[in-house]
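To keep things clear, I will list the structure first and then write my remarks on it.
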Amino acid sequence: MRQEFSQELENLHVDFSELGMMVNAAVYKSAKAFINHDKELARQVIDHDHLINERQMSLEKRCFELIALQQPVTSDLRLVVTAMKASSDLERMGDHAVSIAKSTIRVKGNTRVLVLRRTCTRCRMRSRRCPMRCSTRMSTTTNRGPGRLPPRITGLMITHAKSTLSAFRT
Numbered sequence: 032m033r034q035e036f037s038q039e040l041e042n043l044h045v046d047f048s049e050l051g052m053m054v055n056a057a058v059y060k061s062a063k064a065f066i067n068h069d070k071e072l073a074r075q076v077i078d079h080d081h082l083i084n085e086r087q088m089s090l091e092k093r094c095f096e097l098i099a100l101q102q103p104v105t106s107d108l109r110l111v112v113t114a115m116k117a118s119s120d121l122e123r124m125g126d127h128a129v130s131i132a133k134s135t136i137r138v139k140g141n142t143r144v145l146v147l148r149r150t151c152t153r154c155r156m157r158s159r160r161c162p163m164r165c166s167t168r169m170s171t172t173t174n175r176g177p178g179r180l181p182p183r184i185t186g187l188m189i190t191h192a193k194s195t196l197s198a199f200r201t
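Following this line, the structure appears as structure tokens:
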């Protein structure tokens, strides 16, 4: 009887690890899809979410069965309950990956302004830089020259400068 319980605990551990790897892959793919504007990869994350949900439900069911049939005590009971609670947390992480993938599909059809993206990256990497230098660098990297930026980019620059200034104040 104890040998059977030990085997069940081992199987529970393996299934929990597999669930963790599935969620890890979903989060990685959703972040990669967001960065690379890859709608197809985002759709894969959404399509495979049901596998994570099913694995979590079966894991939770097995935990309840172990508690009911084997009546574990102390450390074994803690292990089973921890696996049950952590599996629901992992499933929630998978849901967050799906949310990122849905945002990727919804937002990533827009054209991006590469100059603005590079400038923002520089600003974040060099957080002690003045936002005015950031704006000056941006205006010199466009082909229009200083003061001749499109209104959309100018508005984004102002918003970026305000957020950078507020970050310096805190």
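Here the sequence shown is numbered in this note's numbering, starting from 32 and rising by one per residue. Every residue gets a Cβ at the ideal spot worked out from N, C-alpha and C, and that includes glycine.
Give a yes or no on whether the C-beta atoms belonging to VAL112 and PRO103 are separated by under 7 Å. Using a Cβ distance threshold of 7 Å, VAL112 and PRO103 do not count as a contacting pair.
Just to confirm the assignment, what range does the alpha helix (DSSP H) spanning VAL45 have? 33-67 is the extent of the alpha helix (DSSP H) around VAL45.
Beta-carbon separation (whole angstroms), ALA62 vs ILE136, contact threshold 8 Å: Contact flag wrong, Cβ pair sits at about 14 Å.
Touching or not, the segment 114-131 and the segment 66-84, by the rule of three or more beta carbon pairs under 8 Å? Taking 8 Å as the limit for Cβ pairs, the verdict is that the segment 66-84 does touch the segment 114-131.
On the criterion of 16 or more Cβ atoms from any shown chain inside 10 Å, does LEU82 qualify as buried, or is it exposed? Around the CB of LEU82, fewer than 16 other CB atoms lie within 10 Å, so the residue is classed as exposed.
Applying the 10 Å Cβ sphere with the 16-neighbour rule, what's the burial state of ARG86? It is buried - the Cβ of ARG86 has at least 16 other Cβ atoms within 10 Å.
Closest by CA to ASP78, which one among ALA57, ILE66, LEU108? With distances taken between Cα atoms, ASP78 lies closest to ALA57.
So what's LYS79 in DSSP terms, helix, strand or just coil? Contrary to the premise, residue 79 reads as His rather than Lys in this sequence. DSSP places HIS79 in coil when its eight states are reduced to three.
Nearest-angstrom Cα distance between VAL45 and PHE65? Counting only the Cα atoms, PHE65 lies some 30 Å from VAL45.
Taking the CB atoms as reference points, tell me whether GLN101 and PHE36 lie closer together than 7 Å. Yes, the pair counts as a contact, with Cβ atoms nearer than the cut-off.
What does a CB cutoff of less than 8 Å around ASN84 pick up in its chain, not counting 5 residues either side in sequence? Cβ contact annotation for ASN84 (same chain, cutoff 8 Å, sequence separation greater than five): GLU122, GLY125, in chain order.
Alpha-carbon to alpha-carbon, GLU96 and ARG109: ARG109 and GLU96 have their alpha carbons spaced roughly 15 Å apart.
8 Å Cβ shell around ALA114 - same chain, five flanking residues per side excluded: Excluding residues within five positions, the ones whose Cβ falls inside 8 Å are LEU43, HIS44, PHE47, LEU90, CYS94.
Sorted by chain position, which residues of the same chain lie with C-beta nearer than 6 Å to MET53's C-beta, five sequence neighbours on each side aside? Contacts found: ILE83.
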